[in-house]
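Novice: Protein chains in written order, with our numbering: chain A, 1 to 715; chain B, 1001 to 1122.
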């Protein structure tokens, strides 16, 4: 809506769209003026409803202010025939052109929107109409007075009519014209709405006409205009207002109905009050409703938008939730699987451990004649249970069975293998005293069983009284024997682990331990260490054991474990048995009898029984009986002369040393020659040492002799 | 006879008297055993075989008694021989007294009943 300038602009204005607009506006203005003049109240040119000003304002708003020349020309054309002179006509036309221009400037200043859908638009058009038409009314009235068309006394009334006419023209006509493009902008209306629209307009016509003619109630049209504004806003309200206003004004101009016979000023006041009410009711209400509707729509849109956002967000959240649930489920399942695995492993571990514990004697048997200590240390590098075990058996004939084994592998399977081998060995050991025979039996059994594991095994039988040891080994590390005089590994025939070869090729070797010697049976974990050879390990064990030869067995085991293994880095299980035959200690045997010859036989019988109980061999027994008998005979013959006295005997056996004491409380006479001096001679020949201690209280003969214990003849 | 020793004899062949001593001989019964043996030799045999296979115990008094018996028989020109198995408990004790240098010591009865030795005696 800018005013173009220059020849080209004017050319286009004369030939183009602008020209057509100018002509259309000028013609419309001219026709509107004549419509208004037909309703005039004062003379022929002051009318209560002046549509041209409203037309000009609408044209300026919709098309552009550049149309003002068209408006000016049309106004001049309207006024020339009416005015007293050309000058008055020009002045009036100038006023009529200036008023709409001012109105448009005011509207533009307040940011008017021709949709008239806001309260500020409604108030703006009221303000513009009232303000701008002050100008045209003043100029027009002065022109009339100046040209003597009216007297100056009539000037205020004329100005008032002119002003209200112009203002009403703007208030009634401009909204109507502005509403026309809205009809075009909107989609075609449904039938029902179109019918309602028509009904509104018809009702307005009827109500207004009826009210204006026959009733004193002018304002019956108001509710109908309100109805139109409520239902269809400006689109219906503006035409309704125009119709109502036109009919009423026309009635007033003709002095019909309610306007009949009333003074001009009354007619004017009533008419303009009606027109103002109609106009304001139409577009102000329309604007309010529009605004409310658009607010509602905005709210609805916002609500819909919010709903959509909520839906989107809900969907997102739902998806997220699903994902989370899936993750949680997967995690839970994985965890369950894991804990299931863990539980299974733990169960297996528990079973294996239970088996393992059941394989190791809870408490070593109290075997007469030997001291035993054992240790089991599980591997630290493997949480699984190992396959080492040991066993100590009390055999029926007083001998002791010592077993130690190592099953390659870990876990339940290894433990189960151990259990079978251990039990088999126990059974065979009770059946046969020969270690080689026992190993052969175990070998045959293992060969028939589906045992994947390799089993090394060592079995030894020890007679604690004779310290005789028989050993058979199936691929197991050798037995260490050590005493104060030294340490050595017992030579045993080499043989593979049980169940490996088809033939049972186990042999046994026989050894006799020194008094006080200790035996050490162990599994390879004790002598194996990373980065060191087994030979080195065996040498270290030999040295460590020899240094502890006389120690208590429990302390010995602790010392060996401390020396040989690193408890926190144990790669393999360690099992260990230490066995030491206890010294054979018998006695003391004591006997006190009257020192008479007839008691000698009794004393001899008692001593013989004691020697036999202590395990002294028959060869030694006779020599001791004779030696002791000679000492006793001496007491009988020489100690007490004719007086009675006691013969006191005592004997002790410590390991292989027999000691005897033959006491009397008498005074020895000179030895007779009856025994030919053989008594002392025999005692000395049959014992290792004879000491005679003769005091005032009596005499003690102390005999000492090394003896052999056990059934064998060797020694 | 005592509780602990028992003596029996019979004529072995011709003038040989076989005397068996079983049980134990010690200070308490050595005189009884000597008298019993002497009684068994009343028919004055030319040779006496003292069979100690059943004797389980001898002390120095018993051995002294054997020496005196051998000495007395020697005066009468009578022979004495002992039968003591090599593995008998009393054999070691007898040998300790070197009795075999005075009285022949035989392992078996057959060995003792062979040719008489004519050692000892005046």
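Note that the Cβ used here is the ideal one computed from N, Cα and C, for glycine as well. Predicted model, so just to flag it, every value in this text is computed and none were measured.
Against residue 532 of chain A, what residues of chain B qualify as contacts under a CB-to-CB distance less than 8 Å, listed in chain order?
Specialist: Within 8 Å Cβ-Cβ: nothing; residue 532 of chain A doesn't reach chain B, min ~56 Å.
Novice: Which ranges does the beta strand (DSSP E) cover as unbroken runs of at least 3 residues, wholly within the region 396-434 of chain A, from first to last along the chain?
Specialist: 400-407, all fully within the region 396-434 of chain A.
Novice: Could you pull out every residue in the same chain whose Cβ sits closer than 6 Å to the Cβ of residue 53 of chain A, ignoring the five residues on either side in sequence?
Specialist: Here the set comprises 99, 100, 166, 169 and 170.
Novice: Cβ atoms of residue 238 of chain A and residue 176 of chain A: under 7 Å apart, would you say?
Specialist: Yes, the pair counts as a contact, with Cβ atoms nearer than the cut-off.
Novice: So is residue 534 of chain A buried or exposed if we call it buried at 16+ other beta carbons inside 10 Å?
Specialist: Per the 10 Å Cβ criterion, exposed.
Novice: So which residues on chain B does residue 598 of chain A lean against when the C-beta distance must stay under 8 Å?
Specialist: Result: 1028.
Novice: May I ask you to list, following chain order, the residues of the region 1078-1101 of chain B that have a beta carbon less than 8 Å from some beta carbon of chain A?
Specialist: Correct list: 1089, 1090, 1092, 1093, 1096 and 1097.
Novice: Can you give me the start and stop residues for the alpha helix (DSSP H) that residue 453 of chain A sits inside?
Specialist: Neither: residue 453 of chain A is in no alpha helix (DSSP H) and is coded neither H nor E.
Novice: Based on the DSSP secondary-structure assignment, which residues constitute the bridge partners of residue 340 of chain A?
Specialist: In DSSP, residue 340 of chain A forms no bridge with anything.
Novice: For residue 626 of chain A and chain B, any beta-carbon pair shorter than 7 Å?
Specialist: Interface residue, yes.
Novice: Since residue 199 of chain A and residue 221 of chain A should fall inside the 8 Å C-beta cutoff, what is the C-beta to C-beta distance between them, to a whole number of angstroms?
Specialist: Not confirmed; about 14 Å, so no contact.
Novice: Beta carbon of residue 1025 of chain B, beta carbon of residue 1062 of chain B: below 7 Å?
Specialist: The answer is yes: Cβ separation under 7 Å.
Novice: Would the region 1005-1025 of chain B and the region 689-706 of chain A be scored as touching if the rule is three or more Cβ pairs under 8 Å?
Specialist: Judged by Cβ distances under 8 Å, the region 1005-1025 of chain B makes no contact with the region 689-706 of chain A, as fewer than three pairs qualify.
Novice: Runs of 4 residues minimum, wholly inside the region 174-250 of chain A: which ones carry the alpha helix (DSSP H) assignment?
Specialist: Runs found: 191-214 and 221-232.
Novice: With DSSP as the reference, please indicate the residues paired to residue 392 of chain A in a beta bridge.
Specialist: Bridge partners of residue 392 of chain A: A:402.
Novice: Quick one: Cα of residue 93 of chain A to Cα of residue 80 of chain A, how far?
Specialist: About 9 Å.
Novice: Within its chain, find whatever has a CB closer than 8 Å to the CB of residue 247 of chain A; leave out the 5 residues flanking it on each side and keep chain order.
Specialist: Contacts found: 205, 208, 209 and 212.
Novice: Nearest chain A C-beta to residue 1022 of chain B closer than 7 Å, yes or no?
Specialist: Not one chain A Cβ lies under 7 Å of residue 1022 of chain B.
Novice: Counting only runs that start and end within the region 258-314 of chain A, where is the alpha helix (DSSP H) found for 4 or more residues in a row?
Specialist: As far as the region 258-314 of chain A is concerned, its whole alpha helix (DSSP H) runs of at least 4 residues are 264-279.
Novice: Along chain A, in chain order, which residues have C-beta atoms closer than 9 Å to that of residue 1107 of chain B?
Specialist: What residue 1107 of chain B touches in chain A: nothing, since even the nearest Cβ is about 18 Å away.
Novice: Mind checking if residue 675 of chain A is an interface residue toward chain B, Cβ cutoff 7 Å exclusive?
Specialist: No answer about residue 675 of chain A holds up, because its pLDDT of 48 lies below 50 and its placement is not dependable.
Novice: Buried or exposed, going by whether 16 or more other CB atoms sit within 10 Å of the CB of residue 321 of chain A?
Specialist: Classification for residue 321 of chain A: exposed.
Novice: Looking only at its own chain, which residues have a Cβ that is under 7 Å from the Cβ of residue 305 of chain A, when we skip the five neighbours before and after it?
Specialist: Here the set comprises nothing.
Novice: Please list the terminal residues of the continuous beta strand (DSSP E) segment that includes residue 480 of chain A.
Specialist: Residues 480-483.
Novice: Give, in chain order, every residue of the region 1060-1072 of chain B whose Cβ lies closer than 9 Å to some Cβ of chain A.
Specialist: Listed in sequence order: 1060, 1061, 1063, 1064 and 1067.
Novice: Give a yes or no on whether 7 Å exceeds the smallest Cβ distance from residue 634 of chain A to chain B.
Specialist: It does not; no Cβ of chain B falls within 7 Å.
Novice: Would you call residue 530 of chain A buried or exposed, if buried means 16 or more other Cβ atoms sit within 10 Å of its Cβ?
Specialist: That one is exposed.
Novice: Do residue 389 of chain A and residue 422 of chain A count as a contact pair if the criterion is CB distance below 7 Å?
Specialist: Yes; because the gap between Cβ atoms is below 7 Å, this pair is in contact.
Novice: In whole angstroms, give me the CA-to-CA distance for residue 550 of chain A and residue 516 of chain A.
Specialist: Approximately 8 Å between the Cα atoms of the pair.
Novice: For the 8 Å Cβ check, are there 3 or more pairs between the region 415-429 of chain A and the region 345-356 of chain A?
Specialist: As far as the Cβ criterion goes, the region 415-429 of chain A touches the region 345-356 of chain A, which means the pair count is three or higher.
Novice: In the DSSP output, which residue or residues are listed as bridge partners for residue 1081 of chain B?
Specialist: According to DSSP, which records beta bridges pairwise, residue 1081 of chain B is partnered with B:1049.
Novice: For residue 548 of chain A, name the three-state secondary structure that DSSP assigns.
Specialist: Residue 548 of chain A: coil per DSSP, three-state reduction.
Novice: Give me the chain B residues within the contact set of residue 623 of chain A, using Cβ-Cβ distance strictly less than 9 Å, ordered along the chain.
Specialist: By Cβ distance, chain B contributes 1089, 1092 and 1093.
Novice: CA-CA distance, residue 557 of chain A and residue 368 of chain A?
Specialist: Their Cα atoms are separated by approximately 20 Å.
Novice: So is residue 614 of chain A in contact with chain B if we call contact Cβ pairs under 7 Å?
Specialist: False, the Cβ-Cβ gap to chain B never drops below 7 Å.
Novice: Whose Cβ in chain B lies nearer than 7 Å to the Cβ of residue 648 of chain A?
Specialist: The contacting residues do not exist; residue 648 of chain A stays about 18 Å from chain B at best.
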